[in-house]
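Okay, so here's the structure we're looking at.
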Amino acid sequence: MPGSIKWAEKQPPPALSPTTAADKPSGASVHSPLPYVDLDIETRIPSVAAFTPIRTMADMTPVFSKDAAPPAGPYSHAIKTPTTIYCSGSIPMDSQGNLITGSITEQTTQVFKNLKAVLTEAGSSLDRVVKVNIFLADMSSFAEMNEEYAKWLTHKPARSCVAVKTLPKNVDVEIECIALP
Numbered sequence: 001m002p003g004s005i006k007w008a009e010k011q012p013p014p015a016l017s018p019t020t021a022a023d024k025p026s027g028a029s030v031h032s033p034l035p036y037v038d039l040d041i042e043t044r045i046p047s048v049a050a051f052t053p054i055r056t057m058a059d060m061t062p063v064f065s066k067d068a069a070p071p072a073g074p075y076s077h078a079i080k081t082p083t084t085i086y087c088s089g090s091i092p093m094d095s096q097g098n099l100i101t102g103s104i105t106e107q108t109t110q111v112f113k114n115l116k117a118v119l120t121e122a123g124s125s126l127d128r129v130v131k132v133n134i135f136l137a138d139m140s141s142f143a144e145m146n147e148e149y150a151k152w153l154t155h156k157p158a159r160s161c162v163a164v165k166t167l168p169k170n171v172d173v174e175i176e177c178i179a180l181p
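Given below as structure tokens:
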């Protein structure tokens, strides 16, 4: 009967119709009948892939700084991507490869000089650090290290600090960080 509303007996589940740009789905149309036979609704749901640029290995650039301690192994000082800089752990060693063996304050100072040099080379700075991981050979050094740390990272990025059994070259502190470009 025209103009009347009838309750649908059984409706099939909503159908998804993906659309694509190249070979990546950019969204889906959902067509779902309402409980009444003569009514239905369709909506467009964009997918995350439609807003996320594709990243490749070409988007990763190794970073090396002549002003930082040379890497102690087969790795770069950092990896820079379009959205993030991942700094390798830095130990208290100067750019000539000499270990700094003084107090934990002196060692932490050298570590931050290294990280600053690496971030500068990558086009960033310590002000753009968002996450820090600190490794101490002895947690009794925490307060002294923390005092020096607070001078370098005043914006208080997210952070973890753990004591480990041994660090490379038997140093007392190693720090790695993640920063924005």
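Residue numbers (UniProt numbering): 1 to 181. A virtual CB, placed ideally from N, CA and C, is assigned to each residue, including glycine.
Check: In angstroms, rounded to a whole number, what distance separates the CA positions of Val63 and Gly97?; Outcome: 18 angstroms
Check: Take the Cβ of Gly123 as the centre, count every other Cβ of all protein chains shown within 10 Å, and call the residue buried at 16 or more, exposed below.; Outcome: exposed
Check: Kindly give me the distance between the Cβ atoms of Ser90 and Val111, rounded to whole angstroms, as I take these residues to be in contact under 8 angstroms.; Outcome: 5 angstroms
Check: Can you give the Cα-Cα distance for Thr56 and Gly102, rounded to whole angstroms?; Outcome: 43 angstroms
Check: Which residue comes first and which comes last in the beta strand (DSSP E) that contains Val129?; Outcome: Val129 to Leu136
Check: Can we say the region 112-131 touches the region 81-88, given the rule of at least three CB pairs closer than 8 angstroms?; Outcome: yes
Check: State the start and end residues of the unbroken beta strand (DSSP E) segment that holds Tyr75.; Outcome: Taken as a continuous stretch (DSSP letters only), Tyr75 belongs to no beta strand (DSSP E), as it is neither H nor E.
Check: Put Met60 into one of helix, strand or coil per three-state DSSP.; Outcome: coil
Check: Is DSSP giving Ser140 helix, strand or coil here?; Outcome: helix
Check: For Leu115, does the three-state DSSP call read helix, strand or coil?; Outcome: helix
Check: Report yes if the C-beta distance between Ala69 and Lys169 is below 8 angstroms; otherwise report no.; Outcome: no
Check: Per DSSP, which residues does Ile178 bridge with? Please list them.; Outcome: Tyr86 and Lys131
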